[in-house]
Ligand code: 2P0
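Residue numbers (my numbering): 365 to 682.
Here is the structure:
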């Protein structure tokens, strides 16, 4: 049976950076994210026959990703499984700091679980997705999502459904190429070499508490404050890793400045940046047109994408 699932990427407002357990890919810190609506990855999975797994990404054979995909399928279905044919399609640039691994692995576990007839619940699927890619666990849920990093496992819950606080996101793409250092490798480097890593870990629960309260009270200004602080703290760990990891370019800084100017002019908007040079501006709906216009006009921005909040990963065809 061929099953197709869709998942959307999520953007962390309180970031996951660091691993407690490399072998099980357990995060060292809790995180809080919003799941997007209009960006998506669709994964089709079917099992059959012997031989080797195959993977096609956006119409081309993708041998470099195959090991990670096969490893994830082993977790979902067991390593004594039939071989899998996996076809992936995304409507946004992949491997460029736009959380494509989150939407890809979230969709993959949902499709594989259904194709194998396993019937796991959302939390179990999220834990499997997280073992493949830490941020993917959050894309099993929609709206605003909290991931709690436990000693042995992660827990997840919705803080708000996608229509309970209608935030908008404008993504300013400043570079479409693949990132120079993958986030997994960058996290390990930061933990081993950045003098700021220990305080990053120590302060995370405090940031989570601020963000959780801001969400509960629908307090945009407080959410903006903690999200920008947490983002810049994570990038400080990257910058102070040895060798340093700097994902930003000139346009990244230009976009941050534009967001600050918009806020000074009265708009409800803040920025966040992940393991790449793209800037995500989170805003209230009434500011979204102004934010998109200003970021589109920023020097070095090659594309903007806009999204509201969406639902978690789901089956779309069997
Ligand atoms: C996040 N990022 O919370 C953070 C912020 C990037 C910066 O989660 O090694 O691809 O596969 O568990 O999930 C990107 O890391 O890392 C990420 P792995 P993943 O969204």
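We put the beta carbon where it would ideally sit given N, CA and C, even for glycine. Since we're looking at a predicted model, the values are computed, not measured.
Limits of the beta strand (DSSP E) - the one that residue i falls within
i           : result
residue 587 : That residue, residue 587, is in no beta strand (DSSP E); its alpha helix (DSSP H) goes 584-603.
residue 671 : 667-671
residue 385 : 383-385
residue 519 : 518-524
DSSP-derived helix/strand/coil call for residue i
i           : result
residue 614 : helix
residue 499 : helix
residue 552 : helix
residue 647 : strand
residue 468 : helix
residue 532 : strand
residue 476 : helix
residue 462 : coil
residue 680 : strand
residue 322 : Absent from the structure is residue 322, since the part of the chain shown begins at 365 and ends at 682.
residue 376 : strand
residue 639 : coil
residue 545 : coil
residue 424 : strand
residue 444 : coil
residue 629 : coil
residue 513 : strand
One or two residues paired with residue i in a DSSP bridge
i           : result
residue 407 : 369 and 452
residue 684 : This structure cannot speak to residue 684, because the chain is shown only from 365 to 682.
residue 399 : 374
residue 508 : 398 and 524
residue 537 : 667
Range of the contiguous alpha helix (DSSP H) that encloses residue i
i           : result
residue 428 : 427-441
residue 662 : No alpha helix (DSSP H) contains residue 662, which DSSP labels as neither H nor E.
residue 565 : 561-580
Presumed contact (8 Å Cβ cut-off) between residue i and residue j, rounded CB distance
i           : j           : result
residue 451 : residue 668 : Not quite, the Cβ-Cβ distance comes to about 28 Å (not below 8 Å), so this is no contact.
residue 676 : residue 368 : No, residue 676 and residue 368 are not in contact; Cβ-Cβ is about 16 Å, not under 8 Å.
residue 523 : residue 537 : So it is not a contact: roughly 28 Å between Cβ atoms.
residue 455 : residue 404 : 6 Å
residue 639 : residue 461 : 5 Å
residue 374 : residue 463 : 6 Å
residue 550 : residue 458 : At roughly 17 Å, the Cβ-Cβ gap does not stay under 8 Å, so residue 550 and residue 458 are not in contact.
residue 390 : residue 378 : Actually they are not in contact, since the Cβ atoms of residue 390 and residue 378 sit about 17 Å apart, beyond 8 Å.
residue 533 : residue 476 : Actually they are not in contact, since the Cβ atoms of residue 533 and residue 476 sit about 28 Å apart, beyond 8 Å.
Determine contact between the stretch 564-577 and the stretch 617-625, defined as no fewer than three beta-carbon pairs at a distance below 8 Å. no
Three-pair Cβ contact test at 8 Å for the stretch 458-475 versus the stretch 408-422: Yes: at least three Cβ pairs fall under 8 Å.
Would you check if there are 3 or more beta carbon pairs closer than 8 Å linking the stretch 586-599 to the stretch 627-639? yes
Does the stretch 434-442 come close enough to the stretch 487-505 that 3 or more CB-CB pairs lie under 8 Å? yes
Is it true that the stretch 589-607 meets the stretch 555-563, where meeting means three or more beta-carbon pairs spaced less than 8 Å apart? yes
Counting pairs of Cβ atoms below 8 Å between the stretch 650-670 and the stretch 601-617, do you hit three or more? yes
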